[in-house]
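The block underneath contains the structure these notes are about, expressed in structure tokens.
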Amino acid sequence: MRWHQKGYGGERRSPEEVKRDGWREQGLLAVAVDDERLNWPERELIRQLGEKLYGARPQTKAVRNE
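Printed below as a string of structure tokens:
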């Protein structure tokens, strides 16, 4: 592993910064379907858009207590 002098190695951006910059610079929107900042209708809209553009997500097995 190489160590760089201060100012030469750069800093890693957070995922939220990458998402924000993608939206502002390129018009790309990256949203998690379970983002807690969204209310139910907004999450449902995101889910429907994702399914329309990319198809249904793989289903996970539901655990049932029978």
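Residue numbers (the working numbering): 950 to 1015. Glycine included, each C-beta is placed from N, C-alpha and C at the ideal position.
Could you compute how far the alpha carbon of residue i sits from the alpha carbon of residue j?
{"i": "Lys-968", "j": "Gln-997", "result": "20 Å"}
{"i": "Gln-1008", "j": "Gly-999", "result": "14 Å"}
{"i": "Trp-989", "j": "Lys-1001", "result": "18 Å"}
{"i": "Arg-992", "j": "Gly-971", "result": "20 Å"}
Can you tell which of the options has the C-alpha that lies nearest to the C-alpha of residue i?
{"i": "Ala-979", "options": "Ile-995, Gly-959, Asn-988, Arg-962", "result": "Ile-995"}
{"i": "Leu-977", "options": "Asp-983, Glu-965, Arg-986", "result": "Glu-965"}
{"i": "Ala-1005", "options": "Arg-962, Val-982, Asp-970", "result": "Val-982"}
Kindly indicate which three-state DSSP category residue i falls into: helix, strand or coil?
{"i": "Trp-972", "result": "helix"}
{"i": "Val-980", "result": "coil"}
{"i": "Pro-1007", "result": "coil"}
Between which two residues does the alpha helix (DSSP H) holding residue i run?
{"i": "Trp-989", "result": "989 to 1003"}
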